Amino acid sequence: MLPLDGCDLPAPDMPSGRDWTEPEKATWTELWASAQATMWDDSFVLMVATYVRITHDIFSGQCRAGLAAEARYYADHLGLSPAGLKTLGWELERAGTGMGELHAVPTTQSLSVA
298 MLPLDGCDLP
308 APDMPSGRDW
318 TEPEKATWTE
328 LWASAQATMW
338 DDSFVLMVAT
348 YVRITHDIFS
358 GQCRAGLAAE
368 ARYYADHLGL
378 SPAGLKTLGW
388 ELERAGTGMG
398 ELHAVPTTQS
408 LSVA
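In this note's numbering, the protein residues as written are 298 to 411.
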């Protein structure tokens, strides 16, 4: 079971050899704080770095045809996709809320407007 509150270990240093952007650094920190990161060790550093680089290239519009497939590959192998979680045999802890349970949405009457 992967903990819902994620990984509390410090993120490793990003690989040297390039200047990482602030958004890439933020994604790096976010990924290493994820529940999946509890299953990663130092051997995952380059794989996570590659995933960060590829996904940021995609979102910045610098996407080649094969890049999206690479992003899916890395997401699956890092356990960041539903398919990856299933393949790796990982499960997230269940929240107190039941799967598919609906909650009341606040109405305008219950919202205070300043």
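Idealized CB from N, CA, C, for every residue including glycine. Computed from a predicted model, the values in this text were never measured in an experiment.
Item to check | Per DSSP, the bridge partner or partners of Leu299 | outcome: Beta-bridge analysis with DSSP links Leu299 to Leu389.
Next on the checklist: For Phe356, report the span of its alpha helix (DSSP H) as first-last.
Outcome noted: Per DSSP, Phe356 belongs to the alpha helix (DSSP H) from 342-356.
Checklist entry - If you compare alpha carbons, which of Gly358, Trp329, Val349 is closest to Leu306? => result For the residues Gly358, Trp329, Val349, the minimum Cα distance to Leu306 belongs to Trp329.
Checklist entry - According to the Cβ coordinates, are Leu299 and Leu389 closer than 8 Å? => result Result yes, Cβ atoms of Leu299 and Leu389 sit closer than 8 Å.
Checklist entry - Within 7 Å: the Cβ of Trp337 and any heavy atom of the ligand SAM? => result Annotation note on the ligand SAM: not contained in the displayed structure, which lists no ligands.
Item to check | Helix, strand or coil at Ala317 according to DSSP, with G and I counted as helix | outcome: Per the sequence presented here, residue 317 reads as Trp, with Ala not at that position. Of the three classes helix, strand and coil, the one that applies to Trp317 here is coil, per DSSP.
Checklist entry - Quick one: any contact between the region 301-320 and the region 330-347, if contact means 3 or more CB pairs under 8 Å? => result The region 301-320 makes contact with the region 330-347, as at least three CB pairs between them are under 8 Å.
Next on the checklist: Let me confirm a value: Arg391 is counted as buried when at least 16 other C-beta atoms fall within 10 Å, else exposed. Which label applies?
Outcome noted: When all chains shown are included, Arg391 counts as exposed.
Next on the checklist: My output table needs one value for Ala308: the three-state DSSP class, helix, strand or coil.
Outcome noted: Coil at Ala308, not helix or strand.
Checklist entry - Looking at C-alpha atoms only, which residue of Gly358, Gly363, Ala334 is the closest neighbour of Gly303? => result The shortest C-alpha to C-alpha distance from Gly303 to any of Gly358, Gly363, Ala334 is the one to Ala334.
Item to check | N-terminal and C-terminal residue of the alpha helix (DSSP H) that Ala372 is part of | outcome: Counting along the chain, the alpha helix (DSSP H) containing Ala372 begins and ends at 362-374.
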